[in-house]
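Just below is one structure, and these are the notes that go with it.
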Amino acid sequence: QILAIDVQSHVECGPFRNGGKFGIGGNRSLEYKIIKLYFFSGDILQAMRRPRPVTCGSGVFQLQRMVDSSHLLNDTKALRGQLERDGYLLLKGFLPKKEVMNCRKKILELAGVSNNVLKQPERVKISESPGLRLLDRQDIASHPAVNGVLEHTKLVGLFKKIYECDSVVTTKYKWLRSVKTNEYTGVHIDKVYVGGGSQRLLTAWIPIGDIPMRQGCICVNSGSHRTVSKIALKPSSSSATNSLEGKLVEPAKKTCERKRKRKVDELQSNTLSREHAVDSNNIGKRPRSLRDKKSNRSPESQLWNWSSSKSENNERGEEENNKNERQATVECERQQARDYTLGSAGKQGDKTSSGWIATEPSKVPKAFTHGAGSWVSHDFKAGDIAVIHLHVVHMSTSNTTSLWRISCDTRWQPAEDAKDPVLRFRQPYSQ
12 QILAIDVQSH VECGPFRNGG KFGIGGNRSL EYKIIKLYFF SGDILQAMRR
62 PRPVTCGSGV FQLQRMVDSS HLLNDTKALR GQLERDGYLL LKGFLPKKEV
112 MNCRKKILEL AGVSNNVLKQ PERVKISESP GLRLLDRQDI ASHPAVNGVL
162 EHTKLVGLFK KIYECDSVVT TKYKWLRSVK TNEYTGVHID KVYVGGGSQR
212 LLTAWIPIGD IPMRQGCICV NSGSHRTVSK IALKPSSSSA TNSLEGKLVE
262 PAKKTCERKR KRKVDELQSN TLSREHAVDS NNIGKRPRSL RDKKSNRSPE
312 SQLWNWSSSK SENNERGEEE NNKNERQATV ECERQQARDY TLGSAGKQGD
362 KTSSGWIATE PSKVPKAFTH GAGSWVSHDF KAGDIAVIHL HVVHMSTSNT
412 TSLWRISCDT RWQPAEDAKD PVLRFRQPYS Q
C-alpha cells in the first residue's frame, strides 16, 4: 500500500498529470524515482525479516516471523517435510474469513455480550465485557455455527492429507480461550496434556478474528520437537516432575540436586585419579622431580617458580571443578527434561500452568532447545491457522492490548491410532 501510494503520487504530480499515457518515455526523473522505489521495497522486505521485540511472559524477546506453508497445500510430501523440519505449519487464509468472523460473533452472542459490543465484534474491549470466560463453555464450542469452523471440512481434508489416511478423528472437547490483558500461556509441549495416546496427534491453533503478536498469539521454538522426541525415546530413571521453572515437585528438586552433587564428586575423583593426585603425606611439599633436580638459580627464584607452579595447579583444578559443575548441571537438566517429557504433568494440578516448563523463553533449559532454531510467531488474520507438532516447545505471547483475544485449540489424529483414555473423541471423519 505504501508503494502504491508513492507511485501514484509521483505520477499524479509528474509530467503525466494532465492525462498523458503512463510510461517512462525518456523521463529520467520518473525512471530514477521508480528505481528508488524498487530498492525501497527491498528495504521493507528486509525490515519484515528482522526480529520483532514482543512481550512473552515477564520479559520482552526478539521473535522471528513464521514461515508460510500455504503454497505447499498441493504438495503433500513437501507439506509433511516442512512440518517435520520446523514442528509447525502456518497456513494463511486457510479458512473462509467470513465464516470465522460469523463464528466470532456467535461466540460473543452466546457468551452474553451486550448488543452494543456486538456492533463491532472484531474489537471487543475487556472493560466492556469483563466476565468473558470461554474455556469451560463447551455449550458454545458445540454450537453448529461455532463447531462448523472448529471442525471445518477443510481441516478434515488437511489432516487426512498430512496423515495420508482415509479417516481422522478430533476430540469432543475444544480449548476455546478468551485471554485478557497481561495473560499468556507459559512454555510447554502438548504431550504432557494430551500425549497419552497417539504420538502423531497434532493441534490446530485457530484465531477467531485478527490476533497480532501484541495481542497474545502462538509462539513456537522452531525445530525443538526433534530434541524433545529424542528425550522421549531415552529411558527415565526418576519420577516425573510437574514443571521445571518454579513448579518442580520439591522432593524431585532435592533428588536432582543430590544426583548433581554425586556426579560432581564422581567427576572430580576421576580427574584426580587421572592426574595422580598427591597423597596426604606429600601435601605442601615440592614434587620429587623438583626436589631432586639440582639448580644454580637463587633460592628466591626457586621459591618464585614453585609458587607460580602451585598457582597454575590451583587454577587448573578450579577450572576442572567448574567444568565438572557445568557437566553435572547439564546432565541434571537432561534428566529433568526426560522426566517432564515422559510424565503427565499437564494432567495434574490445575491442568494448565502445572504443565509449564517455564514462564518465558529465556528460562527454558537448554536440554529442550539444544540445536533448535529461533522463536517464531506471526500477526494472525481471521482465516489463518497454525498446525503444531505434539513435541514442539511453544507458548503464547502476552496480551498487551485492551482487547479480548479469542482463539481455539483443536486436536486431530488418525482414527486407527491409539487414543488417550482421558480424552473423548467424536466419530471418525471418513470418506
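So for the sequence shown, this note's numbering puts the first residue at 12; every next one is plus one. We treat Cβ as the ideally placed atom computed from N, Cα and C, and that holds for glycine.
Query                                                                                                   : Result
Three-state secondary structure (DSSP) of Ser-385                                                       : coil
N- and C-terminal bounds of the beta strand (DSSP E) containing Arg-422                                 : 416-425
Among Leu-434, Asp-395, Asp-420, Glu-427, nearest to Gly-104 - alpha-carbon criterion                   : Asp-395
Start-to-end residues for the alpha helix (DSSP H) that takes in Phe-379                                : 377-380
Euclidean distance between Cα positions of Ser-233 and Leu-94                                           : 10 Å
Residue environment, Arg-437, which counts as buried when at least 16 other CB atoms sit within 10 Å    : exposed
CA-to-CA distance, Val-403 to Val-239, given in whole angstroms                                         : 7 Å
Residues that DSSP places opposite Thr-214 in a beta bridge                                             : Ile-399, Arg-422
Reduced DSSP secondary structure (H/G/I, E/B, other) of Val-289                                         : Note that Val-289 scores a pLDDT of 41, beneath 50, so its modelled location is shaky; the value from the coordinates is reported in the next line. DSSP places Val-289 in coil when its eight states are reduced to three.
Contact between the region 367-376 and the region 81-97 (3+ Cβ pairs under 8 Å)                         : no
Residue from Pro-64, Ser-80, Gly-68 with nearest C-alpha to Leu-74                                      : Pro-64
Proximal residues to Ala-89 (C-beta, below 6 Å), its chain only, five neighbours per side dropped       : Leu-83
Sufficient close CB pairs (3 or more, under 8 Å) joining the region 418-437 to the region 164-174       : yes
Bridge-paired residues (DSSP) for Gln-73                                                                : Pro-64
Cα-Cα separation between Ser-80 and Val-398, rounded to whole angstroms                                 : 10 Å
Those residues which DSSP pairs with Met-406 across a bridge                                            : Cys-230
Extent of the continuous alpha helix (DSSP H) run through Val-198                                       : First-last for Val-198: undefined, no H or E at that position.
Which of helix, strand or coil DSSP assigns to Phe-105                                                  : coil
Continuous beta strand (DSSP E) stretch holding Thr-181: start and end                                  : 179-181
Contact check, Thr-408 vs Gly-227, beta carbons under 7 Å                                               : yes
From Trp-186, Lys-117, Val-205, residue whose alpha carbon lies closest to that of Pro-432              : Val-205
Where the alpha helix (DSSP H) containing Leu-145 begins and where it ends                              : Looking at the DSSP string, Leu-145 is not in any alpha helix (DSSP H), and its letter there is neither H nor E.
Given Leu-119 as reference, the closest of His-154, Val-179, Asn-410 once Cα atoms are compared         : His-154
Cβ neighbours of Leu-213 in the same chain (closer than 6 Å, five flanking residues each side left out) : Val-398, Trp-423
Beta-carbon gap between Leu-434 and Thr-182 smaller than 7 Å                                            : yes
Neighbourhood of Arg-188 by C-beta, 8 Å cutoff - its chain only, sequence neighbours within 5 removed   : Leu-145, Leu-146, Arg-416, Ile-417, Ser-418, Cys-419, Asp-420
Three-state secondary structure (DSSP) of Ser-441                                                       : coil
Limits of the beta strand (DSSP E) - the one that Val-190 falls within                                  : 186-190
Candidates Gly-68, Thr-196, Ser-235, of which the one nearest Arg-96 by Cα                              : Ser-235
DSSP-derived helix/strand/coil call for Lys-258                                                         : Residue placement at Lys-258 is flagged as unreliable, the pLDDT there being 33, under the threshold of 50; a coordinate-derived value is accordingly withheld.
Rounded C-alpha distance that separates Ile-137 from Ala-152                                            : 21 Å
Leu-84 in three-state terms, based on DSSP                                                              : coil
Straight-line Cα distance separating His-405 from Lys-191                                               : 19 Å
Bounding residues of the alpha helix (DSSP H) (the contiguous stretch that carries Val-128)             : 126-129
Leu-414 vs Arg-134 beta-carbon contact at 7 Å                                                           : yes
Beta bridge counterpart(s) of Ala-122 as assigned by DSSP                                               : Beta-bridge pairing links Ala-122 to no other residue.
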